[in-house]
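Yeah, the sequence shown ends on 190 if you go by numbering that gives the first Met the number 0, and it's all consecutive.
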Amino acid sequence: MALEPYNEKRNFSHTPEPKGVVAKNSGQLHFVVQRHLASKLHYDFRLEMAGVLKSWAIPKGPSMNPADKRLAVEVEDHPIAYGAFEGDIPAGHYGAGHVDIWDNGFYRAVETDDPIEGEKLLLQGLQEGSFSFVLEGKKLQGEFSLIRMKGRQKGAWLLIKKKDAAAVEEDYDSEAHLEDIRDDIPKQSTE
Ligand code: MN
């Protein structure tokens, strides 16, 4: 895992985003979902693995309904410190727009509670293009799978909620779940 692509895309004298350094394993594995109002609104879904945040951009946002298969486009690894980032990326810079933390918490592999063993399984699943995990967030809870799509655009995955006690049957719109976001939330431009 390397953060060169992350650092190369950004000019840290102009953006308030954290500079990329690989972190030591903190024990428990974190996840974060950031609502990113850039040129197009999307949700950035990030899972801590091997000292970085593996990252996917989800145009429609995650869903708690197992009937939804949400496109999740793999993007560059982000530093662990990015998980605490909220704020404005200035115009003219990579990812220009507004970032809010939409949800965060811990996550683990489905197969084990042990974070070291779990991380190995997650890294293996990431390479194989299919893995499942349990999220313990405020909004996202229970088991999910990420599955790489075959023969499609490079880096295209699907994020799918598994049927469990936390799953919902009604339509799920992440934009209808903006509670707990601390500041005034800019809405998507309708231009
Ligand atoms: Mn983004």
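All residues carry an ideal CB built from backbone N, CA and C; glycine is no exception. None of the values given here were measured: they were computed from a predicted structure.
Beta-ladder partner(s) of residue i, from DSSP
i      : result
Val31  : Arg45 and Asn103
Lys160 : Phe143
Asp112 : Per DSSP, none; premise fails for Asp112.
Ile88  : Gly96
Ala22  : Note: Ala22 sits in no beta bridge, so no partner.
DSSP three-state assignment for residue i, whether helix, strand or coil
i      : result
Glu127 : helix
Gly136 : strand
Gly150 : coil
Tyr171 : coil
Gly117 : helix
Leu36  : strand
Thr189 : Low confidence applies here, because Thr189 scores a pLDDT of 47, under 50, leaving its location unreliable; read the following figure in that light. Residue state, collapsed to three classes: coil.
Expected contact under 8 Å - CB spacing of residue i and residue j to nearest Å
i      : j      : result
Met48  : Leu125 : 7 Å
Asp36  : His97  : Per the sequence shown, residue 36 should be read as Leu rather than Asp. Confirmed, about 5 Å.
Glu225 : Leu52  : Nothing about residue 225 can be read from this structure; the chain reaches only from 0 to 190.
Pro61  : Ser129 : Not really, about 17 Å apart at Cβ, beyond 8 Å.
| Would you say the region 141-152 touches the region 35-43, given that touching needs at least three Cβ pairs under 8 Å? | Verdict: no, contact absent.
| request: At 4 residues or longer, and completely inside the region 47-84: list those alpha helix (DSSP H) runs for me, N to C. | output: Counting only runs of 4 or more, we get nothing.
| said: Assess contact between the region 161-169 and the region 75-90, defined as three or more Cβ pairs (one per stretch) separated by less than 8 Å. Is contact present? | reply: At 8 Å Cβ cutoff, the stretches do not touch.
| How do the region 17-24 and the region 68-86 stand: do at least 3 beta-carbon pairs fall below 8 Å, yes or no? | In short, these stretches touch, since the Cβ pair count reaches three.
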